[in-house]
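Novice: Could you have a look at this structure, given as structure tokens, before my questions?
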Amino acid sequence: MHRLSLDGPWTLSAVAGPVPDALEGVDVPAVVPGCVHTDLLRAGLIPDPFDGDNESALAWIGRTDWAYERTFDAGDLDRDDRWDLVAEGLDTFATIWLNGHLVGHTQNQFRSYRFDVVPYLRATGNHLRIAFSAPVVRAESLARVHGELPHVNHHPYNTVRKSAANFGWDWGIDVATSGIWKSIGLESWSGVRVSDVRPLVELDGSAGILDVHVGVEWDGIPATAEIDVDLRDPDGEVCARATVIAGEGVASVRLRVDDVQRWWPRGYGAQPLYAVSVRPRGSEQRWNGRVGFRTVELQTPPDRAGTAFRLVVNGERVFVKGANWIPDHAFVTEMDADRYRRRIVDATDAHMNLLRVWGGGIYESDDFYDLCDEMGVLVWQDFLFACAAYPEDDAFAVEVEAEAREAVTRLSPHPSLVVWNGNNENIVAFAEWPAWRPLLRGRAWGNLYYRELLPRIVAELDGTRPYSPGSPYSYDDYLSPNDAAHGTMHIWDVWNVLDYRDYTLHRPRFVSEFGFQGPPAWSTLTRVVHDAPLDPFGQQMLVHQKADQGNLKLERGMAGHLAAPTNIDDWHWATQLNQAMAIRFGIEYFRTLGDHLTGSIVWQLNDNWPVVSWAAVDFDEHRKPVWHALKHVYQPRLLIARGGTDAVTLSLSNDDPDGWAGVVTVTRSSFAGEERARAEVSAEVGARSHTEVAVPDEVLRDWDVAREVLVIDAPGFGRAVHHGAEVVDQMLDADPLDVEVHRSAEGWTVVVTARSLVRDVTLLVDRAHPSLAVDAGLQTLLAGESTEFAVRGDAGEVASLSSPLVVRHANSFAAANAPRA
1 MHRLSLDGPW
11 TLSAVAGPVP
21 DALEGVDVPA
31 VVPGCVHTDL
41 LRAGLIPDPF
51 DGDNESALAW
61 IGRTDWAYER
71 TFDAGDLDRD
81 DRWDLVAEGL
91 DTFATIWLNG
101 HLVGHTQNQF
111 RSYRFDVVPY
121 LRATGNHLRI
131 AFSAPVVRAE
141 SLARVHGELP
151 HVNHHPYNTV
161 RKSAANFGWD
171 WGIDVATSGI
181 WKSIGLESWS
191 GVRVSDVRPL
201 VELDGSAGIL
211 DVHVGVEWDG
221 IPATAEIDVD
231 LRDPDGEVCA
241 RATVIAGEGV
251 ASVRLRVDDV
261 QRWWPRGYGA
271 QPLYAVSVRP
281 RGSEQRWNGR
291 VGFRTVELQT
301 PPDRAGTAFR
311 LVVNGERVFV
321 KGANWIPDHA
331 FVTEMDADRY
341 RRRIVDATDA
351 HMNLLRVWGG
361 GIYESDDFYD
371 LCDEMGVLVW
381 QDFLFACAAY
391 PEDDAFAVEV
401 EAEAREAVTR
411 LSPHPSLVVW
421 NGNNENIVAF
431 AEWPAWRPLL
441 RGRAWGNLYY
451 RELLPRIVAE
461 LDGTRPYSPG
471 SPYSYDDYLS
481 PNDAAHGTMH
491 IWDVWNVLDY
501 RDYTLHRPRF
511 VSEFGFQGPP
521 AWSTLTRVVH
531 DAPLDPFGQQ
541 MLVHQKADQG
551 NLKLERGMAG
561 HLAAPTNIDD
571 WHWATQLNQA
581 MAIRFGIEYF
591 RTLGDHLTGS
601 IVWQLNDNWP
611 VVSWAAVDFD
621 EHRKPVWHAL
631 KHVYQPRLLI
641 ARGGTDAVTL
651 SLSNDDPDGW
661 AGVVTVTRSS
671 FAGEERARAE
681 VSAEVGARSH
691 TEVAVPDEVL
701 RDWDVAREVL
711 VIDAPGFGRA
721 VHHGAEVVDQ
731 MLDADPLDVE
741 VHRSAEGWTV
751 VVTARSLVRD
761 VTLLVDRAHP
771 SLAVDAGLQT
781 LLAGESTEFA
791 VRGDAGEVAS
801 LSSPLVVRHA
811 NSFAAANAPR
821 A
């Protein structure tokens, strides 16, 4: 096989639609892979879509037809019998012309396409034109054909096979794209071609079994061919080899490796990867991939409490500490392997072991799954259906089946992928969202895919992985898919209508979505929001807040926890802090449920543009305070205290392979550091287990929650500081800190010393310079204690790093203190 890449320079032009006069008849330099928005921006023809209120000013792009064109030479056409134009990804409604001849049409962003172009190809001077219909116009047109089907947000994205979030979401910008979003090229070959490979693993005792299924295509009448399959161990040595005789369709071969090294999720073992190579004998064509030997089960047994949801790898139950993943850039062609690595490191540094690829995005880049394989991060993969009813007519179903088959095949080598999930919130929407069924009027809504088509494809192509029909999904009652007692649950009454302490109203078995909003870093926000003066309800601020009544909910969510901020600087810090407090409280509560709950997947890890959102890491890659909360609550050993003056329970949550036994010391102290009571309690907790002990009554007697705290120490678990009152109800010192700043090898060291109790000390270092990063946050200090923060980066000044706008804490929002910080 020979490949001629057609990536690189192309030209772009507007064909029809609401095109500005300045673009009429203009050929714009374009880069493939890419999209219209990035090409226009690179050429200086549009402003930054993320800035200010440019989103609405650039809406015309999604309503315009575009064409990409280039010329190329093919070379010696007699070299091979078959010449294919191979497009790995076209977004979305494309018509392809080669030398004036119609090659084909596409209508699915999630598929690749291959066209035989022998009849149209010339040795030199070929002209390739790919025309794209306006995605918003096509979606609206198809909505009229199908009749209105329920969906969230303002475009009928459910009528097309294109990333739903590309049309905007309650955290996402509306920038409906067009373009050649993946690699494109010309492939020539003769005889046989390996079309796809599915290497599926299983374990037989200590041996690894690899079943390699090889799809083949012939350039004419099918014959036979020998195909060599090699398997190399993590050291690069060949450990198994076989030859399969391929005829028509799919050829399969089984390889066995004795004493195989097992692949484990992070925190449970190592991640050895075995290289697989598939090559037709006598051909330069080669397929290369990697596998990890492990088993995975999704156990949903009924029990006295309902229906469990247990993810089991290599026979060992995994306690899931995860986050939901959205596309990390609104223009996904801007992503590269380095950015993917940084985001996944954000997850692993916070002790996460699973990312859920949400159904409104894309089947991610190979870079994403490769990195998860290497780093032991499990992947829950949604099929791409989200928050909408989807047509079930033949034309739509054909596209769904084709994309699902390709996705399952492409992702089958990756040991990190452990769950296929049918959809996001479509089943619960049908069951519980009041507008859905009246609008459907008995019409199909996508259930065919979730209950029949998708599980059949997964079982046929990759029976090694489990499938779940949806998230949330109750395995007990189809009409109550978000029942806390059964299967997976999404918790959104907290944030939308309830206080975050109302997480305790639920006893979920597994939480696959929940979250609380907060703004991005100050530098990220002010880079794109230019309201003067800056205000939570300013016009551009609200462009960058997509949630319904989002900033009102931020204010309501602080009530009873923090005193109301009186200026924009305090508003920004208070809402970031409250987001962190909410998620910390929620996950600490989940972990007190012990074996009843088997995992949580917070919404969300990342952002796709600068926005007020639920993300832990903002678009400019700053770790928000909530990220530090996640790092704390997802640590393997977590000490938690719950309760008030009448009774306090200590929970020891141990997601560690070793058990623990020891003495827990509980001290009641004043904010000034005076000890008022002390007790010791013996405790023991097993490996991957949980236990609870009560704080002795004598420690709680006469507890003045406005002026005293409980300090709990357990060697091997660390410390927990338990507050009997909210910040707003405590008599906290408004100015409790001394700060020193010193130069270090990697940047700066900031030493913070507490003169009295200080809650949640956090350095907003981007306010000194956007390039700076800090290693820790949300540090609570007792009177007299010091801690060091390591600030990385070359920018920033000593004075600015000690500024009260950089060194923040929760004491600022205690209503009783004065003066204000």
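Using UniProt numbering, the first residue of the sequence shown is number 1, and each one after it goes up by one. Each residue gets a CB set at the ideal place from its N, CA and C atoms; glycine is no exception.
Do alanine 94 and alanine 131 have their CB atoms nearer than 8 angstroms?
Specialist: Contact flag set, yes.
Novice: Is glutamate 406 helix, strand or coil when you go by DSSP?
Specialist: Glutamate 406: helix per DSSP, three-state reduction.
Novice: Output the distance between the C-alpha atoms of aspartate 370 and methionine 1, rounded to the nearest integer angstrom.
Specialist: Rounded to whole angstroms, aspartate 370 to methionine 1 spans 25 angstroms at the Cα level.
Novice: Just mark alanine 661 as buried or exposed, buried being the case when its beta carbon has 16 or more other beta carbons within 10 Å.
Specialist: It is exposed - the Cβ of alanine 661 has fewer than 16 other Cβ atoms within 10 Å.
Novice: Quick one, are the C-beta atoms of alanine 574 and glycine 557 less than 8 angstroms apart?
Specialist: No; because the gap between Cβ atoms is not below 8 angstroms, this pair is not in contact.
Novice: Specify, as a first and last residue, the run of the alpha helix (DSSP H) that proline 135 falls within.
Specialist: Where proline 135 is concerned, the enclosing alpha helix (DSSP H) stretches over 135-146.
Novice: List, from N- to C-terminal side, the beta strand (DSSP E) runs of 3 residues or more that fit wholly inside the stretch 8-60.
Specialist: Runs found: 8-16 and 28-32.
Novice: Go ahead and pull the three-state DSSP assignment for methionine 489.
Specialist: DSSP places methionine 489 in strand when its eight states are reduced to three.
Novice: Do you know whose CA, among Ala323, Leu772 and Pro466, lies nearest leucine 605's CA?
Specialist: With distances taken between Cα atoms, leucine 605 lies closest to Ala323.
Novice: Whose C-alpha, out of Gly586, Phe167, Tyr120 and Ser13, is nearest the C-alpha of glycine 361?
Specialist: The shortest Cα separation from glycine 361 among Gly586, Phe167, Tyr120 and Ser13 belongs to Phe167.
Novice: Any idea if residue 825 is buried or exposed, counting beta-carbon neighbours within 10 angstroms, 16 or more meaning buried?
Specialist: For the chain, the structure presents residues 1 to 821; residue 825 sits outside this window and is missing.
Novice: Measuring CA to CA, which of Trp263, Tyr449 and Arg676 is closest to valine 201?
Specialist: Here the closest residue by C-alpha is Trp263.
Novice: Taking the alpha carbon of alanine 397 as the point to measure from, which residue in Asn447, Asp499 and Tyr475 has its own alpha carbon closest?
Specialist: Among Asn447, Asp499 and Tyr475, the Cα nearest to that of alanine 397 is on Asn447.
Novice: Around the C-beta of histidine 572, are 16 or more other C-beta atoms found within 10 angstroms, so that it is buried, or is it exposed?
Specialist: The residue in question, histidine 572, is buried, as its Cβ has 16 or more Cβ neighbours within 10 Å.
Novice: Would you mind giving the Cβ-Cβ distance between aspartate 211 and serine 252, rounded to the nearest angstrom? I have them listed as a contact below 8 angstroms.
Specialist: Right, their Cβ atoms sit about 6 angstroms apart.
Novice: Can you tell me the Cβ-Cβ gap for leucine 710 and arginine 668, rounded? I've got them flagged as a contact below 8 angstroms.
Specialist: Contact holds; Cβ gap of about 6 angstroms.
Novice: On the CB-based measure, 16 or more other CB atoms within 10 Å of its CB, does phenylalanine 537 come out buried or exposed?
Specialist: It is exposed - the Cβ of phenylalanine 537 has fewer than 16 other Cβ atoms within 10 Å.
Novice: If we require 3 or more residues per run, which beta strand (DSSP E) segments fall completely within the stretch 576-607?
Specialist: You should have 599-602.
Novice: Can you tell me whether isoleucine 245 is buried or exposed, with buried defined as 16 or more other CB within 10 angstroms of its CB?
Specialist: Isoleucine 245 is exposed by the Cβ-count criterion.
Novice: Considering Cα atoms alone, identify which of Leu77, Val602, Asp733 and Ala407 is closest to threonine 124.
Specialist: Considering only alpha carbons, the answer is Leu77.
Novice: Pull up the distance between the alpha-carbon of leucine 593 and that of isoleucine 640, whole angstroms please.
Specialist: Going by the C-alpha atoms only, they are around 11 angstroms apart.
Novice: Starting from tryptophan 627, trace the alpha helix (DSSP H) in both directions and tell me its first and last residue.
Specialist: Element bounds for tryptophan 627: 625-633.
Novice: Specify whether the stretch 387-395 and the stretch 433-446 touch according to this definition: at least 3 beta carbon pairs, one from each stretch, less than 8 angstroms apart.
Specialist: At 8 angstroms Cβ cutoff, the stretches touch.
Novice: Within 10 angstroms of its Cβ, does serine 416 collect 16 or more other Cβ (buried), or is it exposed?
Specialist: It is buried - the Cβ of serine 416 has at least 16 other Cβ atoms within 10 Å.
Novice: Give the range of the alpha helix (DSSP H) segment to which isoleucine 344 is assigned.
Specialist: From DSSP, the alpha helix (DSSP H) with isoleucine 344 extends over 337-349.
Novice: Give a yes or no on contact between the stretch 302-319 and the stretch 272-283, applying the rule of three or more CB pairs nearer than 8 angstroms.
Specialist: Short answer: they don't touch.
Novice: Going along the chain, which residues of its own chain have a beta-carbon closer than 6 angstroms to the beta-carbon of valine 257, five neighbours each way excluded?
Specialist: Once the five neighbours on either side are set aside, the close Cβ partners of valine 257 are Gly208, Cys239 and Ala240.
Novice: Compute the distance between the beta-carbons of aspartate 7 and proline 33, then report whether it is under 8 angstroms.
Specialist: In contact: aspartate 7 and proline 33 (Cβ atoms closer than 8 angstroms).
Novice: Considering only the alpha carbon of each residue, which of Tyr589, Val194 and Leu534 lies closest to isoleucine 568?
Specialist: Measuring from the Cα of isoleucine 568, the nearest candidate turns out to be Leu534.
Novice: Taking DSSP as the reference, what is the three-state secondary structure of phenylalanine 396?
Specialist: If DSSP states are grouped into helix, strand and coil, phenylalanine 396 belongs with the helices.
Novice: Quick one: residues in its chain with C-beta nearer than 7 angstroms to the C-beta of residue 832, no 5 flanking neighbours on either side, listed in chain order?
Specialist: Since the first residue of the chain shown is 1 and the last is 821, residue 832 is not available in this structure.
Novice: Can we say the stretch 135-155 touches the stretch 95-104, given the rule of at least three CB pairs closer than 8 angstroms?
Specialist: Not touching, per the Cβ criterion.
Novice: In three-state DSSP terms, what is cysteine 387?
Specialist: Note: cysteine 387 maps to coil in three-state DSSP.
Novice: Assign alanine 795 to one of three DSSP states: helix, strand, or coil.
Specialist: The answer is coil: DSSP assigns alanine 795 none of H, G, I, E or B.
Novice: Contact check, aspartate 349 vs lysine 624 under 8 angstroms by CB: the rounded distance?
Specialist: That belief does not hold up - the Cβ atoms of aspartate 349 and lysine 624 are roughly 14 angstroms apart, past 8 angstroms.
Novice: Quick check on aspartate 258: does DSSP put it in helix, strand or coil?
Specialist: It is coil, neither helix nor strand.
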